[in-house]
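Residue numbers (the UniProt record's numbering), protein chains in the order written: chain A, 1 to 355; chain B, 1 to 355. Glycine is no exception: its CB is placed at the ideal position from the N, C-alpha and C atoms. Remember, predicted model here, so these are calculated numbers, not experimental data.
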Ligand SMILES: Cc1ncc(COP(=O)(O)O)c(C=O)c1O
Ligand SMILES: Cc1ncc(COP(=O)(O)O)c(C=O)c1O
């Protein structure tokens, strides 16, 4: 693949910012966007010059491949502003690498670093007023790529659009989260695309998640599709189980996304002296541990919510409530991780990158 | 779901047709579109009035859910013009029903019959000059629906767009087709979306299909993702195996699309007195049958190619060539089916519907 690495980024600014119309206290996640977006098209086997320009709708042909064959991938990251007004990213190269892994799996061209990383830094500089200080305030970053070539034949596109859009966000608070353990539906196949942040993985979960909602659960914990005996991950989060004082989380695989939050929490927990075991947890183990009281915590881990404690789970029509922990690993690790992200604690891992 | 069933369809015609610029002899499948498209939006819990208007690109917000979460489904059908200039569809209600089943699985609103079926008939009347007479000439019909609501949060959209676009096509000839039996990659999970014509199912196959292409194969025959021992279907075709004089095809399931061509061929074959068994065929059976000479034919069945004979398959690095059959079930059934579609044979099944 020939990559154009020479380009600077052209910037076209909005005439007037819409920032004054935004109430930063009542933001609903992912619904408000900043003034600009980054756009970079791939045509004739090469990436064109990236451009940062006013956020606005764009035209696509009705036969664009993204509409018919779902050739689309994305990432989710955050930018943080600290006391001295500097802006920081958290392990951005992890998202960049994962994005290109997703690209390969979906038969899309890899995006060059100067477009993804340098482009991101430039648009963040331009939009720095949209990032509010204070723990919990962030700018959610959504890099994505779609197939824009036309033609209703199920073959990879030859044209793609990479974009970065930005959405200011408050701390993600989802209330009490009860989860349903999947007994029938699944999110990923062996040899499928579950490990890619591919668009189709997410809409495939909408219906079973809606059934769960209707039954009073906020999330589904997916199990392996072949046997439904192994706990895998939640819709947009990896999952941790604390049994006695050991933390368990499934190994990443072809079916499970390699989450940045997950791997960071593993490192943090181990640094804290917590025993972490990376292995598949069986549903039966979870039920047994819930019954004998050794199951202390379950929590989700992902960029949006950081750490999402779960209050109970249901499996085969039985609801298991988790104990309220004094000494919660979930809350402790969340605090430690966000302190690093907001530069309130020393970043001994070298995870934070200044913009 | 509240459905508006009162609407007539508004029609805005192009000023000048582009039909004279089209060479109907050298059409590449799915790349040329007629003058008009049908558009119908779903907003505030209801379908709006459908409109037929000039085929043209349309605007979408960068955060449209279809780009990020692949909430998109489609159908594939054909219209045929016969000697007396009448226009016919083949079992359109099957596609309509399947479309709405896909919609339910993808958490999208069902499309009312007056939009899908009546809308289709109206746009076909308008575009009748684009349908050429003669066996092999068809108008390929692509109804599809995409999530147009905005917001980068993985939840179903509240706004959708249903469209019908039309593409004139010649008989689909793909040359000699050699297939690779999947040993590692898969297209669908148990409890997944394989039975839906959901966009994400198709892009998920691009990469493994490209690997197969690079190795000299035109298609992959997918196997069940859990064990890779059962033969399932090809990228956009169901698959039949002839062992001695019996035809085998996998039962449709959550992982396998319920193809209209497949079910029509089963009925036709049975009417011909051919023994058809609907059951999973194991890869090992196929290999054994190839070795002992009882494997006579393999063919794909789908709207685009109708019947696609396969000349050989590879499994675990061994290529098995199929015999050249004098008395091919594939060619015989294809002839019988297309004769019904083009009204050259009596339609005793009542499959054809005049527009
Ligand atoms: C399926 C899935 N699992 C897990 C995660 C968590 O990954 P990360 O921690 O990198 O955000 C995400 C998303 O962000 C996801 O989409
Ligand atoms: C996955 C898949 N299998 C099989 C088929 C064949 O179905 P039909 O005969 O209705 O065209 C199609 C498509 O059309 C398909 O997409």
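Anything in the stretch 195–213 of chain B with a Cβ closer than 9 Å to a Cβ of chain A? List those residues in chain order, please. Listed by position, the residues of the stretch 195–213 of chain B near chain A (Cβ gap below 9 Å) are 196, 198, 199, 200, 201, 202, 203, 204, 205, 206, 207, 208, 209 and 210.
Buried or exposed for residue 12 of chain B, going by 16 or more other Cβ atoms inside 10 Å? Answer is exposed; the Cβ neighbour count stays below 16.
Nearest-angstrom beta carbon gap, residue 166 of chain B and residue 113 of chain B [assumed within contact, 8 Å]: In fact, because the Cβ distance is near 19 Å, the residues do not count as touching under 8 Å.
Thinking C-alpha only, which one of A/174, A/42 and A/189 is nearest residue 226 of chain B? If we check each option's Cα against that of residue 226 of chain B, A/189 comes out closest.
Between residue 237 of chain A and ligand 1, is the CB less than 7 Å from at least one heavy atom? Checking the 7 Å criterion, the Cβ of residue 237 of chain A is within range of a heavy atom belonging to ligand 1.
Any heavy atom of ligand 2 within a distance shorter than 7 Å of the CB on residue 366 of chain B? Since the first and last residues shown for chain B are 1 and 355, residue 366 of chain B lies out of range.
Just to check, is the beta-carbon of residue 197 of chain B closer than 7 Å to a non-hydrogen atom of ligand 2? Relative to ligand 2, residue 197 of chain B has its C-beta within less than 7 Å of a heavy atom.
Is any non-hydrogen atom of ligand 2 found closer than 7 Å to the C-beta of residue 287 of chain A, if you look at the structure I gave you? The answer is no for residue 287 of chain A.
Can you tell me whether residue 375 of chain B sits near ligand 2, meaning its C-beta is under 7 Å from at least one heavy atom of the ligand? What the structure shows of chain B is the stretch from 1 to 355, and residue 375 of chain B is not part of that stretch, so it cannot be assessed.
Extent of the continuous beta strand (DSSP E) to which residue 219 of chain A belongs: From DSSP, the beta strand (DSSP E) with residue 219 of chain A extends over 219–221.
Buried or exposed for residue 171 of chain B, going by 16 or more other Cβ atoms inside 10 Å? Under this definition residue 171 of chain B is an exposed residue.
Which residues mark the beginning and the end of the beta strand (DSSP E) in which residue 76 of chain B is found? Where residue 76 of chain B is concerned, there is no enclosing beta strand (DSSP E), because DSSP gives it neither an H nor an E.
Select from the stretch 138–159 of chain B all residues with a C-beta closer than 8 Å to any C-beta belonging to chain A, and list them in chain order. Against chain A - using a Cβ distance shorter than 8 Å - the residues of the stretch 138–159 of chain B are 140, 142, 144, 146, 147, 150, 151, 152, 153, 154, 155 and 156.
DSSP puts residue 43 of chain B in a beta bridge; with which residues? According to DSSP, which records beta bridges pairwise, residue 43 of chain B is partnered with B/46.
Would you mind telling me which residues of chain A sit closer than 9 Å to residue 106 of chain B, beta carbon to beta carbon, in chain order? Within 9 Å Cβ-Cβ: 203, 204, 206 and 207.
Quick one: what's got a C-beta closer than 6 Å to residue 339 of chain A's C-beta in the same chain, skipping five residues either side? Cβ neighbours of residue 339 of chain A beyond the five flanking positions: 345.
Within the chosen definition, does the stretch 18–25 of chain B reach the stretch 126–146 of chain A through at least 3 CB pairs nearer than 8 Å? With the cut-off at 8 Å, the stretch 18–25 of chain B and the stretch 126–146 of chain A do not touch.
Status (buried if at least 16 other CB within 10 Å, exposed otherwise) for residue 278 of chain B: Burial state of residue 278 of chain B is exposed, judged by a 10 Å Cβ sphere holding fewer than 16 other Cβ atoms.
So within the stretch 102–189 of chain A, which uninterrupted alpha helix (DSSP H) runs reach at least 4 residues, ignoring any that extend past its ends? As summarised for the stretch 102–189 of chain A, the continuous alpha helix (DSSP H) elements at least 4 residues long and confined to that stretch are 119–126, given in chain order.
What does residue 190 of chain B reach in chain A if we use C-beta pairs closer than 7 Å? Chain-ordered, the chain A residues with CB closer than 7 Å to the CB of residue 190 of chain B read 186, 225 and 226.
Using the beta-carbon of each residue, which ones in chain B are nearer than 8 Å to residue 352 of chain A? Per Cβ cutoff of 8 Å: no residues; residue 352 of chain A is ~23 Å from chain B at best.
Inter-residue spacing [alpha-carbon to alpha-carbon] between residue 16 of chain A and residue 293 of chain A: Roughly 58 Å separates the two Cα atoms.
Any chain A beta carbon closer than 8 Å to residue 252 of chain B: Output row for residue 252 of chain B: interface = no.
How about residue 325 of chain A: is its C-beta nearer than 8 Å to some C-beta of chain B? For residue 325 of chain A, the nearest beta carbon of chain B is not closer than 8 Å to its own beta carbon.
Let me know the beta strand (DSSP E) ranges lying completely inside the stretch 279–308 of chain A, each 3 residues or longer, listed in chain order. Listed in chain order, the complete beta strand (DSSP E) runs (minimum 3 residues) inside the stretch 279–308 of chain A are 295–302.
Under 8 Å from the C-beta of residue 365 of chain B: neighbouring residues of chain A: This structure leaves residue 365 of chain B out entirely; chain B is present only between 1 and 355.
Quick check on residue 236 of chain B - is its C-beta less than 8 Å from some C-beta in chain A? Taking CB atoms only, residue 236 of chain B has a neighbour in chain A less than 8 Å away.
Hey, is residue 177 of chain B's beta-carbon within less than 8 Å of any beta-carbon in chain A? Chain A, which has no Cβ nearer than 8 Å to the Cβ of residue 177 of chain B, makes this no.
Rounded separation between residue 115 of chain B and residue 51 of chain B - CA only: C-alpha separation (whole angstroms): 9 Å.
Give me the DSSP bridge partner(s) of residue 10 of chain B. Answer is B/51, bridged to residue 10 of chain B.
Run of the alpha helix (DSSP H) containing residue 335 of chain B, from where it starts to where it stops: Bounds of the alpha helix (DSSP H) holding residue 335 of chain B are 329–341.
Quick check on the burial criterion: 16 or more other C-beta atoms within 10 angstroms. Buried or exposed for residue 224 of chain B? Classification for residue 224 of chain B: buried.
Neighbour list for residue 36 of chain A in chain B, Cβ cutoff strictly below 9 Å: In chain order: nothing, as chain B lies at least about 11 Å away.
Would you kindly work out how many angstroms separate the C-alpha atoms of residue 308 of chain A and residue 327 of chain A, rounded to a whole number? Taking the straight line joining both Cα atoms gives about 16 Å.
Chain B contacts made by the stretch 298–330 of chain A, where a contact means CB separation under 7 Å: Answer in chain order: no residues at all.
Kindly say whether residue 77 of chain A, judged by its beta-carbon, lies nearer than 8 Å to any beta-carbon of chain B. No - not a single Cβ of chain B is within 8 Å of the one on residue 77 of chain A.
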